[in-house]
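First up is the structure itself, then whatever we jot down about it.
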Amino acid sequence: MPLVTVAANPESLLNRPEEFLIFYSDVVDGKMWCSDCRAVDDGVQQTFAGPDAPIGVIVYVGNKPEWKAMDNVFRGEPFKITSIPTIIRLKEKKEVGRLVEDEITTERLSAFVQGQSSN
Numbered sequence: 298m299p300l301v302t303v304a305a306n307p308e309s310l311l312n313r314p315e316e317f318l319i320f321y322s323d324v325v326d327g328k329m330w331c332s333d334c335r336a337v338d339d340g341v342q343q344t345f346a347g348p349d350a351p352i353g354v355i356v357y358v359g360n361k362p363e364w365k366a367m368d369n370v371f372r373g374e375p376f377k378i379t380s381i382p383t384i385i386r387l388k389e390k391k392e393v394g395r396l397v398e399d400e401i402t403t404e405r406l407s408a409f410v411q412g413q414s415s416n
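Here it is, written out as structure tokens:
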């Protein structure tokens, strides 16, 4: 299943059908401004590609100044994102696992989407 991209407020993300939320930096001049986001993107794209792949949604947290602002909406409830990239697994509108920055390796992401939760 391909990844979907949404622009949404954090609370509304809990009502989406996708099981995985992938928080990335905005795209600026044709690429994500966050080098960590760019570094994991190929692995994320491969993990969520194909008809039997899990369903995920990409959420862009803003350009660099917006993300760095302490009042960025994604830094608050319900997800309290502190670093990007972050991947959150939801089950029944609740967070059941999270991978952040360098935790997002091919092996860990594969285990994570297969239900081996990480917090």
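Quick note on our numbering: the sequence shown kicks off at 298 and runs consecutively. Beta carbons: idealized from backbone N, C-alpha and C, even for Gly. Since we're looking at a predicted model, the values are computed, not measured.
Helix, strand or coil for T379, going by three-state DSSP, please let me know. Looking at T379 - three-state DSSP - the assignment turns out to be coil, as it is neither helix nor strand.
Assigned secondary structure, L310 (DSSP; H/G/I helix, E/B strand, else coil): L310 falls in the helix class under three-state DSSP.
Selected residue, minimal CA-CA separation from E336, among S380, T402 and A304: Note on identity: in this sequence residue 336 is Ala, with Glu being the wrong assignment. Relative to the Cα of A336, the nearest Cα in the group S380, T402 and A304 belongs to T402.
Proximity below 7 Å, CB of L406 to CB of T344: Against a cut-off of 7 Å, the Cβ pair of T344 and L406 comes out as a contact.
Curious, which full-length beta strand (DSSP E) runs of at least 3 residues does the segment 327–369 contain? Unbroken beta strand (DSSP E) runs of no fewer than 3 residues, entirely contained in the segment 327–369, are found at 353–357, following chain order.
Would you kindly check if the distance between the Cβ of L300 and the Cβ of I355 is under 7 Å? Yes, the Cβ-Cβ distance between I355 and L300 is below 7 Å.
With 16 as the cutoff for other CB atoms within 10 Å, does S322 come out buried or exposed? So S322 ends up on the buried side.
Can you tell me whether DSSP reads T402 as helix, strand or coil? Coil.
Thinking E308 and I352 are a contact (beta carbons under 8 Å), I'd like their distance in whole angstroms, please. With a Cβ gap of about 20 Å, E308 and I352 do not count as contacting.
Grab me the residues of C331's own chain with a C-beta within less than 6 Å of its C-beta, minus the 5 sequence neighbours each way, in chain order. Only S322 and I381 meet the Cβ criterion.
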